[in-house]
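Undergrad:
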Amino acid sequence: MNETRGRLLLRAVVLVAPVLALEAARPDDVPHRWFVALTLALAVGFAAMPESPFGTACLGLVVIWWALASANGVPVGAIPAALLLLAAHVAAVLLAYGPPGLPIGTPVLLLWLRRGAVVAVAVPLLWLLAVAVDGQPEPPGIWVAGLGCAIVICVVAATAVSTGQEKA
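Per this note's numbering, the sequence shown starts with residue 120, numbered consecutively.
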């Protein structure tokens, strides 16, 4: 069964976006050839099997690289890197909607493009916030409070999504 052009394009995004994201956020003084090769190898697996753990490993590896890159502040390259990771994620989600020969329906495509656009709007705002608080002393318990907020947000989002699906 042959893949549609749209699905091949999505696979190309899944393959290329993590490597470009790695390059956008990398520190200049750290050797990275082996890291790029490892990211590319994981991206190949991610593009071939978008629902596999290759995706988590590939995107996680880029985030680890960001942590190394942000030791001396939040680089502006984090913005395109985040957008590229978002593109890879959305493309992989769309690929996971069916077998290779099944074209991706316009309603599903538009749904995920809208969702991706909403998240993309937040990227530069979060970068500005990170720059603003960079170098500030951490109040005691900030990580625990942040984790608590993240858990509450996830529970509320999961509840909202499941409630919306029950009504449909």
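The beta-carbon is built from N, C-alpha and C at its ideal position, and this holds for glycine as well.
Note that the structure is predicted; figures quoted are calculated from it, not measured.
Taking a contact to mean a Cβ-Cβ separation below 8 Å, would you say Trp185 touches Phe154 in this structure?
TA: Within the sequence shown, residue 185 is the residue found at index 66, counting from 1. Within the sequence shown, residue 154 is the residue found at index 35, counting from 1. Between Trp185 and Phe154, the gap from beta carbon to beta carbon reaches 8 Å or more.
Undergrad: Taking a contact to mean a Cβ-Cβ separation below 8 Å, would you say Phe173 touches Leu157 in this structure?
TA: For the purposes of this step, residue 173 is identified with residue 54 of the sequence shown, where counting begins at 1. For the purposes of this step, residue 157 is identified with residue 38 of the sequence shown, where counting begins at 1. No, Cβ-Cβ distance for Phe173 and Leu157 is not below 8 Å.
Undergrad: Can you tell me whether Leu205 is buried or exposed, with buried defined as 16 or more other CB within 10 angstroms of its CB?
TA: Residue mapping note: residue 205 aligns to position 86 of the sequence shown, counting from 1. Here Leu205 is buried, its C-beta having at least 16 other C-beta atoms within 10 Å.
Undergrad: Could you check the C-alpha separation between Gly220 and Leu214 for me, to the nearest Å?
TA: By 1-based counting over the sequence shown, the position of residue 220 is 101. By 1-based counting over the sequence shown, the position of residue 214 is 95. The alpha-carbon atoms of Gly220 and Leu214 are separated by roughly 11 Å.
Undergrad: When the Cα atoms are used, what is the spatial distance from Leu248 to Asn121?
TA: For the purposes of this step, residue 248 is taken as residue 129 along the sequence shown, with counting starting at 1. For the purposes of this step, residue 121 is taken as residue 2 along the sequence shown, with counting starting at 1. Spanning the two alpha carbons is a distance of roughly 45 Å.
Undergrad: Going by C-alpha to C-alpha distance, which of Gln255, Val274, Ile198 and Gly224 sits closest to Leu245?
TA: In the sequence shown, the residue the question calls residue 245 occupies position 126. Taking only the C-alpha atoms, the option nearest Leu245 is Ile198.
Undergrad: Does the separation of the CB atoms of Ala131 and Ala200 fall below 8 Å?
TA: As a working mapping, residue 131 is identified with position 12 in the sequence shown. As a working mapping, residue 200 is identified with position 81 in the sequence shown. Not a contact, by the Cβ cut-off of 8 Å.
Undergrad: If you follow the alpha helix (DSSP H) that Leu214 is in, where does it begin and where does it stop?
TA: Along the sequence shown, one-based indexing puts residue 214 at 95. That run of the alpha helix (DSSP H) goes Ala197 to Leu214.
Undergrad: Going by beta-carbon coordinates alone, are Ala136 and Leu203 separated by less than 8 Å?
TA: To locate residue 136, count along the sequence shown from 1; it is residue 17. To locate residue 203, count along the sequence shown from 1; it is residue 84. In contact: Ala136 and Leu203 (Cβ atoms closer than 8 Å).
Undergrad: First and last residue of the alpha helix (DSSP H) that includes Gly174?
TA: Here the question's residue 174 lines up with position 55 in the sequence shown. Pro172 to Ala188 is the extent of the alpha helix (DSSP H) around Gly174.
Undergrad: Does the separation of the CB atoms of Ala140 and Val193 fall below 8 Å?
TA: Residue 140 sits at position 21 when you count from the first residue of the sequence shown. Residue 193 sits at position 74 when you count from the first residue of the sequence shown. No, the Cβ-Cβ distance between Ala140 and Val193 is not below 8 Å.
Undergrad: If the criterion is Cβ atoms closer than 8 Å, does the pair Leu134 and Ala166 meet it?
TA: Here the question's residue 134 lines up with position 15 in the sequence shown. Here the question's residue 166 lines up with position 47 in the sequence shown. In this structure, Ala166 lies closer than 8 Å to Leu134 by Cβ.
Undergrad: Can you give the Cα-Cα distance for Val227 and Ala276, rounded to whole angstroms?
TA: Numbered from its first residue, the sequence shown carries residue 227 at position 108. Numbered from its first residue, the sequence shown carries residue 276 at position 157. Counting only the Cα atoms, Ala276 lies some 20 Å from Val227.
Undergrad: The alpha helix (DSSP H) that contains Pro226, what's its start and end?
TA: Reading the sequence shown from its first residue, position 107 is the one you call residue 226. Element bounds for Pro226: Thr225 to Val252.
Undergrad: Assign Ala210 to one of two classes, buried (16 or more other C-beta atoms within 10 Å of its C-beta) or exposed (fewer than that).
TA: Position 91 of the sequence shown, counting from 1, holds the residue named residue 210. Result: buried.
Undergrad: Three-state secondary structure (DSSP) at Glu295?
TA: Since the first residue of the chain shown is 120 and the last is 287, residue 295 is not available in this structure.
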